[in-house]
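Visitor: Protein chains in written order, with this note's numbering: chain A, 1 to 103; chain B, 104 to 781; chain C, 782 to 979; chain D, 980 to 1535; chain E, 1536 to 2031. Glycine included, each C-beta is placed from N, C-alpha and C at the ideal position. Below is the structure I would like to discuss, written out as structure tokens.
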Amino acid sequence: MSNSLDAYLVLAGLLFAIGTFGFLARRNAISMLMSIELMLNGVNLAIVAFGAFITGLKADGSAIALMVMAVAAAEATVGLSIVIAIYRNRNTPLVDEYDEMRR
Amino acid sequence: MTGGLAALVPLLAADNGAAATTNSLFDYLIALIPVLPLVGFVITAAIGRRLDREAHWIPVGLVVGTWAISMIVVFATLTGMAPFGHEGHGVTLYRWIPAGNFTVDVGFFVDNLTACLLIVVTTIGMLVHIYSIGYMSHDGGYWRFFAYLNLFMFSMLLLILANSWLVIFVAWELVGLSSYLLIGFWYRRRSAALASKKAFIVNRVGDVGFALGIMAIFVNTGTLDVRQSIASLTEAGGQFTIPLFAIALLLFAGAMGKSAQFPLHVWLPDAMEGPTPVSALIHAATMVNAGVYLVARANPIFAAAPSALVVVAAVGIFTAIFAASIAMTQTDIKRVLAYSTLSQLGYMFAALGVGAFTAAIFHLMTHGFFKGLLFLDSGSVIHSVHDEQDMRRMGGLSKKIPITYATMFIGSLAIAGVPPLAGFFSKDEILGEAFKLGFPWVWAIGILVAVMTAFYMFRLMGLTFWGKFRGPQEIWDRIHESPPVMTIPLIILAVPSVLLGLFLGLPFGASTLQHWLEPVFASAATQLHHTEAEYQLFGIDGALIGASVAVAAIGIAVAWKLFGVEVGPIRKAGEPDRVRRLSARAPFLYRASLNKWWFDELYDLLFIRIGGRFAAALWWFDREVIDGTVNAVGALTGTSGRRLGRIQTGRVQNYALGIAVGLIVMAGSYLFIAGRGR
Amino acid sequence: MPRSLLTILGTLTLIGIAVALPIGLAVLGLLRFGDDILFFVLAEILIGSALLVVTMRDIIRCGLAMIVCFGALAGIYVIAGAPLVAAAQVLVYIGAISVLILFAIMLTQTKSAPTRLVFQTQAVGAGIAAVILAIVIALTVGSTDWHAVGQRVHTATRDLAAVLFSDYVLPFEVVSVLLLAAVVGGVFLAKQEEGGPS
Amino acid sequence: MNLQNLPILTAVIFLPLVGAILIAALPRTSARPVALGTALLTWVVSLVLLAGFNAKGQEFQFGAQADWIPLFGIQYKVGVDGLSLALVVLTTTLTWISILASFRPIQERIKEYMISFLILEVGMIGVFVALDTFLFYIFWEIVLVPMYLIIGIWGGANRIYATIKFVLYTLVGSLLMLVAILATAFAYQAGHGGVWAGAFDFEKLRAFAATSGFADGLQLFSFGAFFLAFAIKVPMFPFHTWLPDAHVEAPTAGSVILAAIMLKLGAYGFIRFAVPLYPAAAHTFAPAIIVLSVIAIIYGAIVALVQPDLKKLVAYSSVSHMGFVTLGIFIFNEQGLEGAILQMINHGLITGALFLLVGVIYERTHDRTIAKMGGLAGSMPVYAAIFGFFVFASAGLPGLSGFVGEFLVLVGSFIFQPAVAAISTFVMILAAAYLLWMFQRLVTGDLSEFLAGLGHHLVDIRPIEILTLAPLAALVVVFGVFPGLILDLVRGSVTSVLATVRPAAPIALPPIIPAAALALIALVMVARLVTVILGGPNRPSRPARRGVVVRTADGR
Amino acid sequence: MNFGANGSNVVAVLPLIAVVLTAVAVLLVDLIVPRRRDAAIATAMIGLAIVAILVLAVGGETRVAFAGAYTVDRLTTFLDLLFVSIVVLTIAFAPDYLEPRDLPVAEFATVLIFAISGAMLIAASTDLLLLFLGLELMVLPGYLLAGYHKTDGFSTEGAIKYFLLGSFSSAIFLFGLAFVWGLTGSTRIADVAAHFASGGDGAAGVSAGLAMGLAFMTTGVAFKIAAVPFHYWTPDAYQGSPTPVTGYLSVGPKVGAFALILRLFVEALGPLRAEWLAVVVVLAAITMTLGNLVALTQNNVKRMLAYSSIAHTGYMLVGLAAYAGASDPKVQQTGLQGLLYYGAAYSFMNLGAFAVIAALQRRAGVTSNLETFAGLGRREPWLGLLMTLFLLSLTGIPPTAGFFAKAYVILAAVQAGGPVGILAVIAVLNAAAAAFYYLRVIVYMYMRDPVSESPALAHSRLLWGGLAVTTALTIVLGLFPGPLLDIVGQAAKAIG
């Protein structure tokens, strides 16, 4: 099983789907942020798996995964700063209460 | 463009038409006949206001000039002088419409028929102009009146002179316009405004037919020149897109409008809202004859479609009796004359219908003079009793206005058909011809109408001139005879009313008129297989004359019996009680006659009420359905936008779910596409 | 306290299944011992903790669960032959991002922000969408020929380093710019304005 | 010196633009004289065109040509034939008249107004002279904007609803036309080995249409799109409902231009582009268009009968009159087409004058309700006389210009099918009815209470107003007596158009597509009728200001 | 192989280096002379001018650097110049809005320039990873900019929505990329294209994995360009953001994302266009339609323009669809040219429109509601006139840039025929409907009286200068599209 690309990919897909669920279902901005991290990790898992099983990618897989991590970090930075900024305005981390603008 | 520019110098282009002849003096004279009144109209319309009470000089002077020129032209024509010959003479001014093979030239043509009408139109026109100087002397719109009159003269002369169907149509509409303007001359009177509008619109109904007839002529012949088209239409064995029967009826529709034949008669009585000279000129002597002229002009077409002629005869004689029946009970002096005009026009159409074209023109001419006279007389009467038109408030005027009385008496005798006055000859010829040409029913009804005519005319005389004055005393005191400028035309008109019949149509063999009009109607007569029968004074002809004279006498007698008489030694008071009893005895007929057989009401219902409802419904349809659809599309767009906008809930997770669903759908579609590609 | 009892029972059952499943599969011969068992266990931990991240009420516990999740993932990276990625995972995610998130939680979870409802009203829909997504991905993965090699390849750190500083030098630099930009902007946004609203 | 070689045409197109820029630069007080001066100058230069025009030639004259977007062979290409020239001169004439007529009524934002008007003139002239389909489209759309502003800014109470309706309705059609123009160009390009040169050149396209012709499918689509654009502009029944609204709300001069020129753009488009480029499709569609035209003729007149508002009445009369134009075009014979062109010009003169006259009344009374009027002949006799003149001209009185065009169209349609002519001729009665009804209500009788209440404000027509009307009246007479002036001018255009298309087939069982189109229109109407009767959503006659408050935050 | 210090590599990325340095320089200048707006702006402008010069200097010939990961071609040059102009104009329009709200310009400019560096990276990337990084580099600063007015609830609300959804979509996009990597075994666009062109997965039909990858990538990209149904962030983020930022967001990331599409879908996945054509056609149709329909009912001009921006995405997608739907390479080119032309035209007219809104909001507290525009034609005639011009251009009335752009994509669609031809008809019907809401603003400006008589505001020269540029371009691109047509023609040739 650990030698089967499909297993890794399914696992990646599951992680991605769980992240998606969290993103769609949680109310808290930070929870949603965490869900996104889960999704990105799912993707990263797929990339690493491809690196391990696809001849053309080899070390590329790992390299890309590292880049993606850095991107995730940057996203987290930005996201958290925005969360903090809006928290100052609204005093709630619950995203579904940020609905001043609609229609 | 060049054609247009050349047209600015009319006669230079005279030879670009079909008849390329050297210009004779008559070309200019013919052209001047309609142009003079046009000039008068333009000048008077432009500066008449400033001329004020002197405004009549130019228009009247020009009309007199027209009359003089006309008489020269008429003389030349009827005597067959140089350019006219047997067939007449034309002059082309310029090409009016150059549209491919559809070309219309403006040009004039004078033949004997035209000449006959010229006599009537210019003579009566001139006299009415003169008469109006007096009649309208106190009116605020003095200059306007003369401008309109000149416009009418121009239009009417153009109508009879034009040598293209379309130009005739132009003139046809222009006389309609001048009629509109003159009927509505006293625009402040609502009834006048309504009457003028009615006249124009009802005329337009007929015009539709005329216009379609012209189109049909063009489609059939490729030309609108009157003579050319008639020639090719009546060519033997011609095959046409549009049957001649249809063309004839369409032309007749136009004639019905202008000559106020049933069922388009309703406008003429109302047209009496106009000043009386107008009634005399337009609605008795000239314009209303245009229909007769048209049918006479197109006589070969009608002759080629005999079934159309039957229609003409039927409509004509029906109008005659129908209008006469109404005239018998009307109380407005001018309305009686108006219905009388209708009735007489009906005679003319009956004559045309039976194929007696000459008789129709004969009656047209005599009727023009004596009806013109009668109207001017009535105007004089009205003038004298201070604009009172109701005969129930007249009576005994013969003492106060003797000249008017005398001339009107002559006119009445003429119209009643008392020999040897003009009306006798022409009416007798119509009835006689009808009988002899195989239309006894026309004759029979015609005789009946003759009785009624004599009756209502002498009812009018009785109510107006004889007996006692029934109006207020202060009016009576101020009644006086009209000024000479009015009475002289009356006297002049009385002359032809007496003598014209004798001169033109003494019924012994071929009359003068028959001689004149022979070239115009010969082909039609041949077509209809008329044979010249020997005149039998002591045979059929004499019997018919006798019948005519007899019925006139009966009519007069009945009228005298009921409404009184004061002629020389014959004196008898009227019997109003008996009249009342008689009318009570035949209430339906009486009421029908009094209410003009309810045609105004019927048309009001049909066109104003029902038509108005229909129009309003259509407008509703326009707003709600057509525009409603447009607006509904807009509203629908807006609504759908609003609905779609609701997916923007403001909640980010909703959005995310939307994206996720979109992702799944997207994946599904890609998988589907991929699966299909396999 | 039947509710907490139920929770405990449920948790115990889940843990039982999680433990029993690999053993059972191994007994059935579907799992080879060694890497496979390890992979499976790590996968269980990964999925289990991920599920906890997205379902737990207390957000701090969510954050902690996420650290567990990332740890398990690092383990899987090692199995997949990417030790450097695993190391980076530990450093970046557990070391940096998780801490960052926990800090953010501290900053934003005040008393006035109770955790009344964990889920949106659309949680059911979200669940369905996620399940469909998982199924679709799994099916797709299964039905695709990836041209994969039979034996996973170990990525030597030296190889990775070489690639990283040759082929990936531009992405590497770009990532640094990206982080710089994120930091500059992030600092500006998160910074409390003097005199601004508290 | 040969006039043909000078860039006069370009000067005519862009002179007003120069004027507009000048007005923008100069102070407010000079807006009026500069605008009038520019318009008069343009007019004079357009008369030079007329003088130098060779009516014998069938080709386009005063041509100017320059590459514009060479990549697609799009050119700045202009030129006039008789038809264009007649309409250009009509445009320049009515523009200065309209500007003069605006002097008194327009007091607010006079600069913007005059600029709008001059740009409007640029667009209109451009449409009439463009010989590149792309250029044509551009001018076509340019016309929209100033008109939108003129109605929307200087219009009546309900102006915004009217102007937006006008623009949107027109846009729907014209944008589809754009697709058709592009599709046609592409078809040409594909037929010429992928070379774009000439793909938008009208003369080349026409030659192509005449020789190999466009494919049937393209013709049907493109003609359909052109038809929609032009039919809305004309406007043909049932696309006419924007017109009454636009007219009622527009300021006087706007109405004048709208009626006199803008409606002609559509008819011109039919003659210039739709028929020669897609003759087969035109032939296919002709029966349906003829049916719609006849309906428009009668329908417009009947609805005009019951209009309570002067401008609406004239607007519906326009629908009726323009029905003659489309009828004349699509019977494809010489009489019809020449009549249609004549009718276009005459309608421009007469209806323009009628709107000016309504404007005179409106300026004094601030009302247009017919029911409130009456007895103007007493207090405004000169006005009444001029009004009467144009009323009769509009009613098609022979001798005035309205008659000849109408009659030629009728003759043409009689040749085509007598029944069509028979139905259409009935409008003579209806036209007399609604026009005389209006005239009688306005002019005759005693002065109405409403008008009497205005007292000394009810002055007779002023010299400046006469100055605007006199040229029109003169032209109405001249063209009535010498219609050859126009007919000779446009003969070349007519011949070249008719050379491209067979005579229309009589309406028996129309081909399936036009029948389907008619059926669709009928179906939509029936559907709407049913919804209306069943109490469907009422028409928002006022600008749609529904009560639904869209909750948008008052955010940034 | 060591690519790092290779001279030609450095030359190729010089503009990129310069733009990053500009961003840093602005930050440093602000540190040295704090709170000096003009200094920061001057630095930014000078830096961007240098960038523009470098772009021109480096461009002209095709340069392939970093082993094919980075390519400077005509498309790059064109897009880079467009991006630089966008950011220059945005910086020019910003101070008037930021100043009264007490927001620093320096940080704004810095973040903005960082963002544009991402867009420029996309324009030059021929590597999927670089594309992703460029995308992130472009959008991350965008999230920050959206929340730039951090004390304002709307701004931060918009930012967090934008951020959350943007990250979500980035993850989705990345997942799709991963699938492609896995299938092709390469991140180079050339390799990917060769793989699919040689029938690796395309010819014999698309594998499920590839379909999945396409779906995820399409979703991710559709989100970035704000195509329906992935557009949800747009109205909220646009409305909430500070107005100059909205202006930037509506053009910068959009054109950037289209650049990504050109590199990814056209250059790399071009051989698979038969597969994604249908999706693009449907996306284009519903994007135009929904965008326009919802825009009809908006009362806030910024929000309305957000929906309008969605609609314009649809029009641009028509160009893409024409590329994918056409069989003739020339027509494919026309589609791409149309797309590029539209992008440029849209950028300038939309920036202009937002600049006017920003100028109106010079007085703090002025909202972007329609009422703000009431009587504008009288209060500030020039702004009113310019706004009218931009709105007419957005409507597509000739002779403006917007018209020609629309005509161009429609021409391409008509040529492509088939379903894309129908798209052309849908596009014009939409354009007609769209006229309503654009004209509504004009109605307010000229046909309504102002709600409150407030005196005209003084606007900076920078703003006027920027407006002059957008105005000139809006008119010139409509009247004389020739030069730009040549440029986009060459740009399109680089990838078609």
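#1: By DSSP, does Gln870(C) sit in helix, in strand, or in coil?
#2: For Asp817(C), is the classification buried or exposed, using 16 other Cβ atoms within 10 angstroms of its Cβ as the cut-off for buried?
#3: Report the rounded CA-to-CA distance for Ala1584(E) versus Pro986(D), giving the unit in angstroms.
#4: Output the distance between the C-alpha atoms of Leu347(B) and Ile1277(D), rounded to the nearest integer angstrom.
#5: Kindly say whether Met887(C), judged by its beta-carbon, lies nearer than 7 Å to any beta-carbon of chain A.
#6: What separation, rounded to the nearest whole angstrom, lies between the Cα atoms of Asn1835(E) and Gln1054(D)?
#7: Across which residues does DSSP place Val1607(E) in a beta bridge pair?
#8: To the nearest angstrom, how far is the alpha carbon of Ile1707(E) from that of Met34(A)?
#9: Give the interface partners of Asp6(A) over in chain B, defined as CB-CB distance under 8 Å, in chain order.
#10: If you run the structure through DSSP and keep just helix, strand and coil, what is Leu14(A)?
#11: Quick check: does the Cβ of Phe1765(E) come within less than 6 Å of any heavy atom belonging to the ligand PLP?
#12: Are the C-beta of Gly316(B) and some C-beta of chain D separated by less than 7 Å?
#13: Considering only their Cβ atoms, is the gap separating Leu1316(D) from Val1473(D) smaller than 7 Å?
#14: Starting from Asp1288(D) and walking both ways along the alpha helix (DSSP H), at which residues does that stretch end?
#15: Could you please give me the residues that DSSP links to Ser267(B) through a beta bridge?
#16: Can you check which of these residues, Arg1897(E), Tyr1850(E), Gly1887(E), Val1548(E), is closest to Val2004(E) by C-alpha distance?
#17: Does DSSP put His466(B) in a helix, in a strand, or in coil?
#18: Of all Cβ atoms in chain C, is any one closer than 7 Å to the Cβ of Lys1685(E)?
#19: According to DSSP, is Leu384(B) part of a helix, a strand, or is it coil?
#20: Could you spell out where the beta strand (DSSP E) holding Gly193(B) opens and where it closes?
#21: Mind checking Ala363(B): buried by the 16 CB within 10 Å criterion, or exposed?
#22: Could one say the Cβ of Ile767(B) lies closer than 7 Å to chain C's Cβ atoms, at least one of them?
#23: State the Cα-Cα distance for the pair Asn3(A) and Thr1753(E), rounded to the nearest angstrom.
#24: Use the C-beta contact count for Lys1290(D): other C-beta atoms within 10 angstroms, 16 or more gives buried, fewer gives exposed.
#25: Does the beta carbon of Val755(B) sit closer than 7 Å to a beta carbon anywhere in chain A?
#26: Check whether the Cβ of Leu80(A) lies closer than 7 Å to any Cβ atom in chain B.
#27: Tell me Pro211(B)'s beta-bridge partners as DSSP assigns them.
Guide: On the basis of the coordinates in this document:
#1: Sequence index remark: in the third sequence, residue 870(C) carries index 89 (1-based). In this structure, DSSP gives Gln870(C) a helical state, which the three-state scheme calls helix.
#2: As a working mapping, residue 817(C) is identified with position 36 in the third sequence. It is buried - the Cβ of Asp817(C) has at least 16 other Cβ atoms within 10 Å.
#3: As a first step, residue 1584(E) is located in the fifth sequence; it is residue number 49 there, counting from the start. As a first step, residue 986(D) is located in the fourth sequence; it is residue number 7 there, counting from the start. C-alpha of Ala1584(E) to C-alpha of Pro986(D): approximately 43 Å in a straight line.
#4: As a working note, residue 347(B) is residue 244 in the second sequence. As a working note, residue 1277(D) is residue 298 in the fourth sequence. Straight-line Cα distance between these residues: approximately 28 Å.
#5: The count along the third sequence starts at 1 and reaches residue 887(C) at position 106. Cβ-Cβ to chain A under 7 Å: no for Met887(C).
#6: As a working mapping, residue 1835(E) is identified with position 300 in the fifth sequence. As a working mapping, residue 1054(D) is identified with position 75 in the fourth sequence. So the alpha carbons of these two residues sit roughly 41 Å apart.
#7: To locate residue 1607(E), count along the fifth sequence from 1; it is residue 72. Val1607(E) is bridged to Arg1598(E).
#8: To locate residue 1707(E), count along the fifth sequence from 1; it is residue 172. To locate residue 34(A), count along the first sequence from 1; it is residue 34. As the crow flies, the alpha-carbon of Ile1707(E) is around 15 Å from that of Met34(A).
#9: As a first step, residue 6(A) must be located in the first sequence, where it is residue number 6. For Asp6(A), no chain B residue has a Cβ inside 8 Å of its Cβ, as the nearest lies near 18 Å away.
#10: On the first sequence, residue 14(A) is found 14 positions in, with the first residue counted as 1. DSSP places Leu14(A) in helix when its eight states are reduced to three.
#11: Among the components of this structure there are no ligands whatsoever, and the ligand PLP is therefore not found.
#12: In the second sequence, counting from the first residue as 1, residue 316(B) sits at position 213. With respect to chain D, the C-beta atom of Gly316(B) has no partner C-beta closer than 7 Å.
#13: As a position in the fourth sequence, residue 1473(D) is number 494, starting the count at 1. As a position in the fourth sequence, residue 1316(D) is number 337, starting the count at 1. Result yes, Cβ atoms of Val1473(D) and Leu1316(D) sit closer than 7 Å.
#14: Position 309 of the fourth sequence, counting from 1, holds the residue named residue 1288(D). Where Asp1288(D) is concerned, there is no enclosing alpha helix (DSSP H), given that its DSSP letter is neither H nor E.
#15: Position 164 of the second sequence, counting from 1, holds the residue named residue 267(B). Ser267(B) is bridged by DSSP to Asp328(B).
#16: For the purposes of this step, residue 2004(E) is taken as residue 469 along the fifth sequence, with counting starting at 1. Comparing Cα positions, the closest option is Gly1887(E).
#17: Translated into the one-based positions of the second sequence, residue 466(B) becomes position 363. In the displayed model, His466(B) falls within a helix according to three-state DSSP.
#18: Against the fifth sequence, residue 1685(E) aligns to sequence position 150. Chain C, which has a Cβ nearer than 7 Å to the Cβ of Lys1685(E), makes this yes.
#19: Against the second sequence, residue 384(B) aligns to sequence position 281. If DSSP states are grouped into helix, strand and coil, Leu384(B) belongs with the helices.
#20: Within the second sequence, the letter at position 90 stands for residue 193(B). Secondary structure note for Gly193(B): its beta strand (DSSP E) is the uninterrupted segment 192-202.
#21: Taking the first residue of the second sequence as position 1, residue 363(B) is located at position 260. When all chains shown are included, Ala363(B) counts as buried.
#22: What you label residue 767(B) is simply residue 664 of the second sequence in a count that begins at 1. Chain C contact via Cβ: present.
#23: Translated into the one-based positions of the first sequence, residue 3(A) becomes position 3. Translated into the one-based positions of the fifth sequence, residue 1753(E) becomes position 218. Answer to the nearest angstrom: the Cα atoms are 31 Å apart.
#24: Along the fourth sequence, read from residue 1 onward, the residue named residue 1290(D) stands at position 311. Its Cβ being crowded by 16 or more others within 10 Å, Lys1290(D) is buried.
#25: Indexing the second sequence from 1 puts residue 755(B) at position 652. Chain A, which has a Cβ nearer than 7 Å to the Cβ of Val755(B), makes this yes.
#26: Translated into the one-based positions of the first sequence, residue 80(A) becomes position 80. Judged by the 7 Å Cβ criterion, Leu80(A) is not in contact with chain B.
#27: Your numbering for residue 211(B) matches position 108 in the second sequence. The sequence as given places Phe at residue 211(B); Pro does not occur at that position. Answer is Val194(B), Ala265(B), bridged to Phe211(B).
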